[in-house]
Amino acid sequence: MSGGSTALSTSAPLRYITFAALYAAQGIPEGLTFFAIPAWLAMQGVEAGVVGGYLAIIVLPWSFKLVAGPIMDRFSYLPMGRR
623 MSGGSTALST SAPLRYITFA ALYAAQGIPE GLTFFAIPAW LAMQGVEAGV
673 VGGYLAIIVL PWSFKLVAGP IMDRFSYLPM GRR
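Position 8 (the sequence shown) corresponds to 630 in the numbering used here; numbering is contiguous.
Printed below as a string of structure tokens:
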């Protein structure tokens, strides 16, 4: 590669900056989804049961992850290789 680009494996500061940026990019939507939107809904007068239902629906993919993980580990998908 030309142009003076530095690989992440050779630059510790670049690794830390990249990690912090990815951490923030993951945390901002998660904070909005799990904290800001339920608080806003409560301020708008939405019933607690409806806000709880919203959170229950949002958490469903993470619940299925507990079941899907062992299945993914057991059966291999050949284009991805053995995990």
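Just so it is clear, CB atoms sit at the ideal spot from N, CA and C, and this is done for glycine as well. Please read these numbers as outputs of a predicted model, since none were measured by experiment.
Are the Cβ atoms of residue i and residue j separated by less than 9 angstroms?
i, j, result
"LEU682", "PRO660", "no"
"PHE656", "ILE680", "yes"
CA-CA distance, residue i and residue j?
i, j, result
"ILE650", "TRP684", "17 angstroms"
"GLN666", "THR640", "37 angstroms"
"LEU644", "ILE693", "28 angstroms"
"SER633", "SER627", "11 angstroms"
"LEU630", "PRO701", "27 angstroms"
"TYR638", "GLN648", "15 angstroms"
"ALA690", "ARG696", "10 angstroms"
"VAL668", "ALA642", "35 angstroms"
"MET699", "GLU652", "Here residue 699 is Tyr; the residue named in the question, Met, does not match the sequence. So the two alpha carbons sit approximately 30 angstroms from each other."
"GLY675", "ALA664", "13 angstroms"
Counting only C-beta atoms, is residue i closer than 9 angstroms to chain C at any point?
i, result
"ALA642", "The chain inventory of the structure shown lacks chain C, comprising one protein chain alone."
Of the residues the options, which one's Cα is nearest the Cα of residue i?
i, options, result
"ALA658", "VAL673, ARG696 and GLU669", "VAL673"
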